[in-house]
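Notes follow once the structure below has been shown.
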Amino acid sequence: MEPAALARSLRLPRQPMVRHLLCALAAGAVLYVLTARLNQYNDYQVGEIAAYVVALVGLSLLTGANGQISLGHGAFMAVGAYTMALLMNHTQTNFILELAAATGVAAAAGLVLGLPATRLKGPYLAGMTLLFALAVPSVADKWPNTFGGDQGLTTTVPTAPGSLSPEEWLAQIQIIGALVVMVLVANLLWSRYGRAFRAVRDDEIAASLAGVHVARIKVMAFAISAGCAGLGGALLSLSTGIVNTGEFPLTLSIQLLAAMVLGGTGTLIGMVWGGILLVYMPQWSTSLSSDFNLGTGANAYLATIIFGLVLIVAMIAAPNGIQGGLRWLWAHRPHPGRGGSDAAAPIPISTGK
Amino acid sequence: MLEVRDLSVSFGAVQALTSVSFDAEPGAVTAVLGANGAGKTTLLRTISGLVKPKEGSVRFDGGALLGRNVETIARLGVSHVPEGRGVIEELTVEENLRLATLWCLRRQQRQGAIAEILELFPRLQPFRKHNASTLSGGERQMLVLGRALISRPRLLLLDEPSLGLAPMVTAQLMALIRAQTEGTDLTVVLVEQNARSALSVSHHAVILNLGRVVVSDAAVTVATDAALRRHYLGF
Amino acid sequence: MSLFLDYSLNGIANGMIYATLALALVLVYRATKIINFAQGAAGMLTTFIAFSLLSRGVGYWWAFVLVLVIGFAIGAATERILIRPLHGRSELNPVIVTIGLLVVFEGLAGAIYGNASRGFPAAFSQSGLRVGSTTIAFSHFDVFILVAVLILMAGTLVLFRYTAIGLRMRASAFSREIARLLGVRVGILLSLGWGLAGIAGSLAGLLVAPTRSFGPYYMDLILVYGFTAAVIGGLESPVGALLGGLIAGLCISYVGGYLGSGLEPLGALALLMVALMARPEGIFARPAARRV
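Protein chains in written order, with this note's numbering: chain A, 25 to 377; chain B, 2 to 236; chain C, 2 to 293.
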């Protein structure tokens, strides 16, 4: 449900920044209790969901708020993951700094790719980012000594404090990462930058006439989105313990896209649905394929097919995804005072622009 | 003959046409006049099938037009020259004309038909093999009119043909329209902002105001009723 | 020097394949202003079907033609079922739908045919031709590629310039509404355009398959190279697709030859970025007029 509507009904402070922070703290508290109660495996999954959410939030900002499409998001995750893995393996850097570096290097890569991207319209940008997604792994393959070749590099989780189990500790790190990113991005979207993003998305020419520096805004969105992906990739690699090109194929970028679309392009909370889809899909497709008595090799491919179908069906029938649907339900609930539409309301894909 | 009955069209919350009814006779020009936003263009687009109405009926020579798709209506002999002319700039003059003949004429007849139209509009002859983007406003209007006539339509819908044209060119155009209509069974519906020149060539006039028909009378009557003219047509 | 010649010949042969895929993208783009990202994967799927047919003993040329027809059908069906309903909405929707279709095709191929890499037979010898006393890096099969693609290009040009259907297709692409008002059945022509593109895509798939071990993802790079070629040549004309293909083929071949084959994708990316920056706005000509 929209923060604005919830805030009104709970009489929370009206300042959006404060509101976001309070929501995040509340969610953090709930999740802290949750991770303590869940078993190790579930903790692991919750943590993975959080890591994906970090990456998905970036994508949602880029596509939902700013209207740019990227098929290379997985490659930026790879950049962040490799950065952190390299620092971990070759230096004694502080863990937080490693995460920051992963974010920063990925953001820098986003800056580089984002510069030519400012001049590109949808399909052209998609094509360029598609090629980027295919090109990045080839860099790692070209210099196997540095990047660990096929086996890749390993990552280690920093030691858990006290009696906390390592899975719980990792999940909490990832959850904190997700909450921090969500608060920051939510605040950004509420700020004048967010308004600039949306203005550029809706009509570049009108925006530039209104004084928005269109190219700068687009590059900024690209870089921030890439930074989120880098952080998400780094966090995710802590779960898997390994960073190699096999972890970041083209299909990952497409799965991220599907997860974002299903969750609700342009929303932040909706990205949680997307994360759930990504983490649980392998299980679901395995049980689906055994229901239909397909061979064991078919699992991975069945998951791919489902992601593709999600994209197709969502675009045709439900462009606003789950969160969009929930918002619609909330807005149309039987209630004398209707919930107003949030200024950060997404719905970019379905408006005929 | 064109019979429009109780036609209502809305775009979301905006009611563009409300219960519009009128007839257009063959061998005559029926002018549809009114201010900007009165619904004149919407009316033509509904007749040719580009817009689906909420309710009402449109019948031509006894057959219903509503519910059919645009191409089918065109192939029934309805030629709509839309607002903005609709010249296909990337095609040559000849290709624009030829395009309109593809569904109704056999290959041998097409060249002859194109030649006839170019005789009607000799200004277009030198541009025959040139891209239509090179034509001036008046020449483009001739091209689209020629393109509309080449298929020997029975119903001709013209949306503001005089837009952007010099008065002399407009007068020639109107004269040509009248000449093509008289003595034939062609039904012409002429939407115009330039009411004065439209009235000079029409037999019947319909005035729309905010989507409703406010006047439907002989063109002469409308032209001579000064109060009416001033109120709805501004002159 | 002979290395340069080898790379050049290799570049030309590959370039023709990229040109074929570029042609497919151009055909779809002209008809519906959409880039069909699933085009390569569709070609991959039809090539797998050819492989099945060949393993069952169907004659090579029968399989070849049949698979081109299937490619046509897939293309036309995609337009009719998935793309037509999206007309008029945001321009990102069809992009995402074709991406979804890409992975569906790849998933289907993987699920049906499994993961093992396989070899695809070539219609002609793939060893270098003998010119005088030397063997050049251009085989009979490469000649076949050249001829097949040129026939396709020529056929497309003749279709567009000299036939009534071609005129209708061009008109529908330039001005859909006006064409409809002139009695042109635009819907059928859109499907036809996508169907022709499907033929080109299937041809590309068949021409690439013998040169590498082919699995569900083998057309991914070919697609983006074809996209690069289409962008270089401009998305408006078959001739542009051919020129763009040759340029892309040569550049990528030189990068692969002199810098190592692993860097080809990066080279292509750099080429694409240069091409996109060099075009007036990186977008097609008409909206440029709106620039304020």
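Ideal placement from N, C-alpha and C gives every residue a C-beta, glycine not left out.
{"query": "Val285 of chain A versus Gly254 of chain A - alpha carbon distance", "result": "20 Å"}
{"query": "Range of the contiguous alpha helix (DSSP H) that encloses Leu312 of chain A", "result": "294-315"}
{"query": "Cut-off 7 Å between Cβ atoms - residues of its own chain near Glu183 of chain B, not counting five sequence neighbours on either side", "result": "Gly28"}
{"query": "Which of helix, strand or coil DSSP assigns to Thr178 of chain A", "result": "strand"}
{"query": "Cβ-Cβ distance between Leu260 of chain A and Ala130 of chain A below 8 Å", "result": "no"}
{"query": "Segment contact, 8 Å Cβ cut-off, at least three pairs: the region 131-143 of chain B with the region 94-108 of chain B", "result": "yes"}
{"query": "Span of the beta strand (DSSP E), counted from its first residue to its last, around Gln16 of chain B", "result": "15-25"}
{"query": "Close-in-space but distant-in-sequence residues of the same chain around Ala138 of chain C (CB under 6 Å, 5 per side omitted)", "result": "Asp7, Leu10, Asn11, Gly129"}
{"query": "Collapsed DSSP secondary structure at Ala112 of chain C in the structure displayed", "result": "helix"}
{"query": "Residues of its chain near Thr136 of chain C, where Cβ-Cβ distance is below 6 Å and the 5 sequence neighbours each way are ignored", "result": "Gly129"}
{"query": "Gly184 of chain B - DSSP class collapsed to helix/strand/coil", "result": "coil"}
{"query": "Alpha-carbon to alpha-carbon, Ala20 of chain C and Leu323 of chain C", "result": "What the structure shows of chain C is the stretch from 2 to 293, and residue 323 of chain C is not part of that stretch, so it cannot be assessed."}
{"query": "Short CB-CB distance (under 8 Å) between Arg119 of chain C and chain B", "result": "no"}
{"query": "Proximity test, Cβ basis, 8 Å: Ala101 of chain B and chain C", "result": "yes"}
{"query": "Cβ of Val10 of chain B within 8 Å of any chain C Cβ", "result": "no"}
{"query": "8 Å Cβ cutoff, Gly167 of chain C in contact with chain A", "result": "no"}
{"query": "Closer than 8 Å to chain C by CB, Arg57 of chain B", "result": "Sequence check: residue 57 of chain B is Gly here, not Arg. Not closer than 8 Å to any Cβ of chain C, the Cβ of Gly57 of chain B fails to qualify, so no."}
{"query": "Rounded straight-line distance, which links the Cα of Gly235 of chain B to that of Ala228 of chain B", "result": "10 Å"}
{"query": "DSSP-derived helix/strand/coil call for Val214 of chain B", "result": "strand"}
{"query": "Alpha helix (DSSP H) segment containing His2 of chain A, residue limits", "result": "The structure shown has nothing for residue 2 of chain A, since chain A only spans 25 to 377."}
{"query": "Three-state class that DSSP yields for Asn232 of chain B in the structure shown", "result": "Sequence inspection shows His at residue 232 of chain B; the Asn mentioned does not correspond to that position. His232 of chain B falls in the helix class under three-state DSSP."}
{"query": "Contact set between Asp165 of chain A and chain C, taken where Cβ atoms lie within less than 8 Å", "result": "Gly263"}
{"query": "Integer-rounded CB distance, given that Leu26 of chain C should sit under 8 Å from Gln40 of chain C", "result": "6 Å"}
{"query": "Cβ shell of Gly140 of chain A (< 8 Å), same chain only, five flanking positions each side left out", "result": "Here residue 140 of chain A turns out to be Pro, not Gly, going by the sequence shown. Excluding positions up to five away in sequence, the list reads Met152."}
{"query": "At least three beta-carbon pairs within less than 8 Å, the region 104-123 of chain C to the region 345-356 of chain A", "result": "no"}
{"query": "Chain C within 8 Å of Thr310 of chain A, Cβ atoms only", "result": "no"}
{"query": "Local Cβ density within 10 Å of Ser214 of chain C, reported as buried at 16 or more and exposed below that", "result": "exposed"}
{"query": "Counted within 10 angstroms of its Cβ, other Cβ atoms place Ala286 of chain C as buried (16 or more) or exposed", "result": "Here Ala286 of chain C scores only 36 on pLDDT, less than 50, and its place in the model should not be relied on; the value that follows carries that caveat. Exposed, by the Cβ-count rule."}
{"query": "Coil, strand or helix - Glu265 of chain C by DSSP", "result": "helix"}
{"query": "Among C:Thr33, C:Phe38, C:Tyr163, C:Leu264, the one whose alpha carbon lies nearest that of Arg108 of chain B", "result": "C:Tyr163"}
{"query": "Ala368 of chain A burial status per 10 Å Cβ neighbour count (16 or more: buried)", "result": "Residue placement at Ala368 of chain A cannot be trusted, given a pLDDT of 43 that sits under 50; what the coordinates show is reported in the next sentence. Buried: at least 16 other Cβ atoms inside 10 Å."}
{"query": "Spatial neighbours of Val10 of chain B in its chain, beta-carbon cut-off 7 Å, leaving aside the 5 residues before and after", "result": "Ala17, Leu18, Thr43, Thr47, Val52, Pro54, Lys55"}
{"query": "Interface residues of chain B facing Gly227 of chain C [CB-CB closer than 8 Å]", "result": "Those do not exist, as Gly227 of chain C stays about 24 Å from chain B at its closest Cβ, beyond 8 Å."}
{"query": "Option nearest Leu28 of chain C by Cα separation, candidates C:Ala198, C:Gly235, C:Ser56", "result": "C:Ala198"}
{"query": "Buried or exposed (CB count within 10 angstroms, at least 16 for buried), Gln198 of chain A", "result": "buried"}
{"query": "Gly251 of chain A classed as buried or exposed, judged by whether at least 16 other C-beta atoms fall within 10 angstroms", "result": "buried"}
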